[in-house]
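So the mapping is simple: my numbering equals the position in the sequence shown, first residue as 1, plus 192.
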Amino acid sequence: MKTAFHLAALLWIVALAAVPMSALAQNEPPADAPLQVSLDMDHDGRMDRAVVMEDPDSGEAVLTIYLGAGNEKLDPSRKPTFVKKAVTEGRVLELAAKGKGSLTVTSCFGCGAGKSWEETLTIVYRSGKFLVAGFSRYWDWNVQKADGSVETTLGSCDINYLTGKGVASQDLSDGKPVAGKFSLKSLASWAADKRPKPCEF
Numbered sequence: 193m194k195t196a197f198h199l200a201a202l203l204w205i206v207a208l209a210a211v212p213m214s215a216l217a218q219n220e221p222p223a224d225a226p227l228q229v230s231l232d233m234d235h236d237g238r239m240d241r242a243v244v245m246e247d248p249d250s251g252e253a254v255l256t257i258y259l260g261a262g263n264e265k266l267d268p269s270r271k272p273t274f275v276k277k278a279v280t281e282g283r284v285l286e287l288a289a290k291g292k293g294s295l296t297v298t299s300c301f302g303c304g305a306g307k308s309w310e311e312t313l314t315i316v317y318r319s320g321k322f323l324v325a326g327f328s329r330y331w332d333w334n335v336q337k338a339d340g341s342v343e344t345t346l347g348s349c350d351i352n353y354l355t356g357k358g359v360a361s362q363d364l365s366d367g368k369p370v371a372g373k374f375s376l377k378s379l380a381s382w383a384a385d386k387r388p389k390p391c392e393f
């Protein structure tokens, strides 16, 4: 049995070695691999780089931004321009470059399970500061009650800090404007417990 196992392992290694490296490169990266994206956040004509990776000690998602380093091989010893620990409470799904130099961090908790939410944080660079320009969230929260029934809470919010306006919805209703004005937030001071009240459930 042991010899058969070793023979099978050897055959697998030989077969793997025969696979073209280009095919292996097309496989998805490991789940703990950092997410990276290049974009011109400060509008100086040079590409910048944003990286999100999990802190091995705390498990928190850490966002690191390097201005002017988007088109070069990143030197591990290079000091980042900005670091934001615990940029989200959830698992980061996507780091993306959007229009006008904005950066989005999309994350989820539960990720489609009975209790889940998904949110997107939009980040911009203005007047030498990294700011939260927008925040959106969708939730589908199911709680089993003592009598066996399930209580479902559905909702969403979309806050635009650049315009100061926002919309929110409960259950399956259309989004309605939220009263009040939302002022720009510093990314450095952003925290999950400071999210807008219309985005709580």
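C-beta: ideal position from N, C-alpha, C; glycine also. Quick caveat: nothing in here was measured; it's all calculated off a predicted structure.
Short Cβ contact (8 Å threshold) for residue 329 with residue 311:
In the sequence shown, the residue the question calls residue 329 occupies position 137. In the sequence shown, the residue the question calls residue 311 occupies position 119. Yes. Within cutoff.
Span separating the alpha-carbon of residue 280 from that of residue 253
The residue given as residue 280 occupies position 88 in the sequence shown. The residue given as residue 253 occupies position 61 in the sequence shown. The straight-line gap from Cα to Cα measures roughly 6 Å.
Three-pair Cβ contact test at 8 Å for the region 314–329 versus the region 344–356:
yes
Residues near residue 302 in its chain [Cβ-Cβ closer than 6 Å; skip 5 each side]:
Reading the sequence shown from its first residue, position 110 is the one you call residue 302. Excluding sequence neighbours, residue 302 sits near 308.
Start-to-end residues for the beta strand (DSSP E) that takes in residue 303
Stepping through the sequence shown from its first residue, residue 303 is reached at position 111. Premise fails: residue 303 is in no beta strand (DSSP E) and is neither H nor E.
Hey, could you find the ends of the beta strand (DSSP E) residue 382 is sitting in?
For the purposes of this step, residue 382 is identified with residue 190 of the sequence shown, where counting begins at 1. Premise fails: residue 382 is in no beta strand (DSSP E) and is neither H nor E.
At what residues does the beta strand (DSSP E) containing residue 346 begin and finish?
Position 154 of the sequence shown holds residue 346. 342–352 is the extent of the beta strand (DSSP E) around residue 346.
Under a three-way DSSP split, which group does residue 292 fall into?
Taking the sequence shown and counting its residues from 1, one reaches residue 292 at position 100. DSSP places residue 292 in helix when its eight states are reduced to three.
With DSSP run on the structure shown, which of helix, strand or coil describes residue 271?
Numbered from its first residue, the sequence shown carries residue 271 at position 79. Annotated three-state conformation of residue 271 is coil, per DSSP.
With a CB to CB cut of under 7 Å and the five nearest residues on each side skipped, what residues in its chain are close to residue 340?
By one-based count along the sequence shown, residue 340 stands at place 148. Correct list: empty, nothing qualifies.
When 236, 297, 374 are compared against residue 319, the one with the closest alpha-carbon:
Locating residue 319 in the sequence shown gives position 127, counting from the first residue. That would be 236, whose Cα lies nearest to the Cα of residue 319.
Helix, strand or coil, according to DSSP, for residue 321 in the structure here?
For the purposes of this step, residue 321 is taken as residue 129 along the sequence shown, with counting starting at 1. Note: residue 321 maps to strand in three-state DSSP.
From residue 376 to residue 346, what distance separates their C-alpha atoms?
Numbered from its first residue, the sequence shown carries residue 376 at position 184. Numbered from its first residue, the sequence shown carries residue 346 at position 154. Answer to the nearest angstrom: the Cα atoms are 27 Å apart.
Pick from 278, 365, 259 that is closest to residue 271, judged by C-alpha positions:
Numbered from 1 along the sequence shown, position 79 holds the residue referred to as residue 271. The shortest C-alpha separation from residue 271 is found at 259.
Sort 372, 227, 276, 242 by Cα distance to residue 383 and report the nearest one.
Counting from 1 along the sequence shown, the entry for residue 383 is found at position 191. Among 372, 227, 276, 242, the Cα nearest to that of residue 383 is on 276.
So if DSSP puts residue 369 in a beta bridge, which residue, or which two residues, is it bridged to?
Working through the sequence shown from its first residue, we reach residue 369 at position 177. Note: residue 369 sits in a beta bridge opposite 359.
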